[in-house]
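Visitor:
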Amino acid sequence: MKKNLIMSFVLSTLLVTVLSGCGAASKSTTGTADDTKAPAATTTTKSEKSTTLRIGYQKYGTVNFLKANGELDKALKEKGITIQWTEFPGGPQLLEAMNVGSIDVGHTGEAPPIFAQAAGTPLVYLGHEPASPASEAILIPEKSEIKSVAELKGKKVALNKGSNVHYLLVKQLEKAGLKYEDIQVVFLPPADARAAFEKGSVDAWVIWDPFFSAAETSAKAKILADGKDTVANHEFYLATRNYAENNKETVKIVLDQLAKVDTWSKDHPKELAETLSPQLGIDVPSLERAAKRRAYGIQPIDDALINEQQKIADTFFKLGLIPKEIKVKDAVLPATK
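For reference, each letter of the sequence shown is one residue, going -24 to -1, 1 to 313 in mature numbering (1 follows the signal peptide of the UniProt record, and there is no 0).
(1) Using C-beta distances below 6 Å, list every residue in its chain close to residue 295, excluding the 5 sequence neighbours before and after it, in chain order.
(2) Rounding to the nearest angstrom, what Cα-Cα distance links residue 86 and residue 45 in this structure?
(3) If you reduce the DSSP assignment to three classes, tell me which class residue 198 lands in.
(4) Name, in chain order, the residues that DSSP records as bridge partners for residue 103.
(5) When you compare only the Cα positions, how much space is there between residue 286 and residue 303?
(6) Buried or exposed for residue 27, please, with buried defined as at least 16 other CB atoms from any protein chain shown within 10 angstroms of its CB.
(7) Any idea if residue 179 is buried or exposed, counting beta-carbon neighbours within 10 angstroms, 16 or more meaning buried?
(8) Does the distance between the C-beta of residue 187 and the nearest non-hydrogen atom of the ligand NAD fall short of 7 Å?
(9) For residue 82, which residues does DSSP report across the bridge?
(10) Checking 8 Å against the spacing of the C-beta atoms, do residue 202 and residue 121 come in under that value?
(11) Less than 7 Å between C-beta atoms, sequence neighbours within five positions excluded: which residues of the same chain meet that for residue 299?
(12) Between the Cα of residue 226 and the Cα atoms of 41, 33 and 49, which residue gives the shortest distance?
(13) Decide yes or no for the touch test of the region 214 to 229 against the region 143 to 155: beta carbon pairs closer than 8 Å, at least 3 of them.
(14) Hey, could you find the ends of the beta strand (DSSP E) residue 161 is sitting in?
(15) I believe residue 41 touches residue 248 by the beta-carbon criterion, under 8 Å. Please report the beta-carbon distance rounded to the nearest angstrom.
(16) To the nearest angstrom, how far is the alpha carbon of residue 258 from that of residue 210?
(17) Can we say the region 137 to 149 touches the region 72 to 92, given the rule of at least three CB pairs closer than 8 Å?
(18) Taking only runs that begin and end inside the region 136 to 176, name each unbroken beta strand (DSSP E) of 3 or more residues, in chain order.
(19) According to the Cβ coordinates, are residue 36 and residue 186 closer than 8 Å?
(20) With DSSP run on the structure shown, which of helix, strand or coil describes residue 287?
(21) Relative to the C-alpha of residue 149, which candidate in 125, 164 and 270 has its C-alpha closest?
(22) Distance check for residue 260 and residue 194, CA to CA, integer angstroms please.
(23) By Cβ distance below 6 Å, which residues in the same chain neighbour residue 246 in space, the five residues on each side in sequence not counted?
(24) With a 10 Å radius around its C-beta and 16 neighbouring C-beta atoms as the bar for buried, classify residue 76 as buried or exposed.
(25) Nearest to residue 288 by CA position, among 52, 192 and 145, is which residue?
(26) Sorted by chain position, which residues of the same chain lie with C-beta nearer than 7 Å to residue 199's C-beta, five sequence neighbours on each side aside?
(27) Can you grab the Cα-Cα spacing for the pair residue 29 / residue 162, in whole Å?
(28) So, with DSSP's three-state summary, where would you put residue 132?
(29) Look at the alpha carbon of residue 308 and the alpha carbon of residue 110, and state the distance between them as a whole number of angstroms.
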């Protein structure tokens, strides 16, 4: 009996420790104030509307632009709703926070929602940006002798596990006649991957903008292959199912404000870069380059898009990258189809 009590105490302690560390690497901001902790996980009952919207965002993207101009904060403040903004290094980390209930809404590329749905995250798709295949690429160092993707066989390739570029890598290897197992995949978040890339610890780096453009500008990285003619590279807006079902007016305001920012951003890449540079700590030329090669315009989730996502999900399952088969349409609310 005493042995069982001790074991129960140890397991309980470990569980508390694991849950406490889920959001430790993220950066949280409420309004203009910064905090090192992610918003605490909360539970919203099925009929309860929230007076706080917790948004997860990454370094770059329309949500990032929206945070910078402050218009969404103003629009929701009129409705009695405050926003908590939390920055994440990538889509997988953002959706991990959504899974544990730390954020309500966020944005990622194509692959993270698939990994998250397979892991049981209660997410739904709200909308998406047009395809931007040139906004992600496989990079090699300036003095690398590698000339083609086929020459990556046996080489070390860094990427953020479960991120959008995971699918780009898979499709580029397939196009070059290689199997996923033919290379040495090194899973690293963007900052660590950049360091490994510059030190020569990896032979190639699969990455998205603005990290991609920054590496071109400051590290003289070369493009081995980008997403053109290989992947679509959509940016998705996502929410927890519970939040989307019970806060439809707030979700509509968010999408409307995103559309307005998109319209402005498309025609003002330099001004956009100048606005975001201090916030992101990335130089203006890199951000302007990234802004010019992405597409803009919020679009609804339709059957064609669902089918594209399903192909990615099926590919990942066949490769053993996700533990089970999923139906992407299960994560789409009827009203958004």
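Each residue gets a CB set at the ideal place from its N, CA and C atoms; glycine is no exception.
Guide: Inspection of the coordinates gives the following:
(1) Your numbering for residue 295 matches position 319 in the sequence shown. Here the set comprises 156.
(2) Counted from its first residue, the sequence shown places residue 86 at position 110. Counted from its first residue, the sequence shown places residue 45 at position 69. Taking the straight line from one Cα to the other gives about 26 Å.
(3) As a first step, residue 198 is located in the sequence shown; it is residue number 222 there, counting from the start. It is a strand residue.
(4) What you label residue 103 is simply residue 127 of the sequence shown in a count that begins at 1. DSSP lists 213 as partners of residue 103.
(5) As a working note, residue 286 is residue 310 in the sequence shown. As a working note, residue 303 is residue 327 in the sequence shown. Taking the straight line from one Cα to the other gives about 7 Å.
(6) The residue labelled residue 27 in the question sits at position 51 within the sequence shown. Exposed: under 16 other Cβ atoms inside 10 Å.
(7) Here residue 179 corresponds to residue number 203 of the sequence shown, with the count starting at 1. Classification for residue 179: buried.
(8) The ligand NAD is not part of the structure shown, which contains no ligands of any sort.
(9) Here residue 82 is taken as the residue at index 106 of the sequence shown, counted from 1. In DSSP, residue 82 forms a bridge with 32 and 214.
(10) On the sequence shown, position 226 is the one that residue 202 refers to. On the sequence shown, position 145 is the one that residue 121 refers to. Contact flag unset, no.
(11) Mapped onto the sequence shown, residue 299 falls at position 323. Result list for residue 299: 94, in chain order.
(12) Counting from 1 along the sequence shown, the entry for residue 226 is found at position 250. Nearest option by C-alpha distance: 49.
(13) no
(14) Taking the first residue of the sequence shown as position 1, residue 161 is located at position 185. Taken as a continuous stretch (DSSP letters only), the beta strand (DSSP E) holding residue 161 covers 160 to 163.
(15) Within the sequence shown, numbered from 1, the residue matching residue 41 stands at position 65. Within the sequence shown, numbered from 1, the residue matching residue 248 stands at position 272. Their Cβ separation, rounded to whole angstroms, is 7 Å, which keeps residue 41 and residue 248 in contact under 8 Å.
(16) Translated into positions along the sequence shown, residue 258 becomes position 282. Translated into positions along the sequence shown, residue 210 becomes position 234. Whole-angstrom Cα-Cα distance: 23 Å.
(17) yes
(18) 160 to 163
(19) What you label residue 36 is simply residue 60 of the sequence shown in a count that begins at 1. What you label residue 186 is simply residue 210 of the sequence shown in a count that begins at 1. Yes, the pair counts as a contact, with Cβ atoms nearer than the cut-off.
(20) Taking the sequence shown and counting its residues from 1, the one referred to as residue 287 is at position 311. In the structure shown, residue 287 sits in a helix (DSSP, three-state: H, G or I).
(21) On the sequence shown, position 173 is the one that residue 149 refers to. Taking only the C-alpha atoms, the option nearest residue 149 is 125.
(22) In the sequence shown, residue 194 corresponds to position 218, counting from 1. In the sequence shown, residue 260 corresponds to position 284, counting from 1. Looking at the two C-alpha atoms, the distance is approximately 12 Å.
(23) Here residue 246 refers to the residue found at position 270 when the sequence shown is read from its first residue. Only 264 meet the Cβ criterion.
(24) The sequence position of residue 76 within the sequence shown is 100, counting from 1. It counts as exposed.
(25) Mapped onto the sequence shown, residue 288 falls at position 312. That would be 145, whose Cα lies nearest to the Cα of residue 288.
(26) Locating residue 199 in the sequence shown gives position 223, counting from the first residue. Taken in chain order, the residues that qualify are 113 and 115.
(27) Taking the first residue of the sequence shown as position 1, residue 29 is located at position 53. Taking the first residue of the sequence shown as position 1, residue 162 is located at position 186. Cα-Cα distance, rounded: 35 Å.
(28) The sequence position of residue 132 within the sequence shown is 156, counting from 1. Of the three classes helix, strand and coil, the one that applies to residue 132 here is strand, per DSSP.
(29) Translated into the one-based positions of the sequence shown, residue 308 becomes position 332. Translated into the one-based positions of the sequence shown, residue 110 becomes position 134. Residue 308 and residue 110: Cα-Cα distance of roughly 27 Å.
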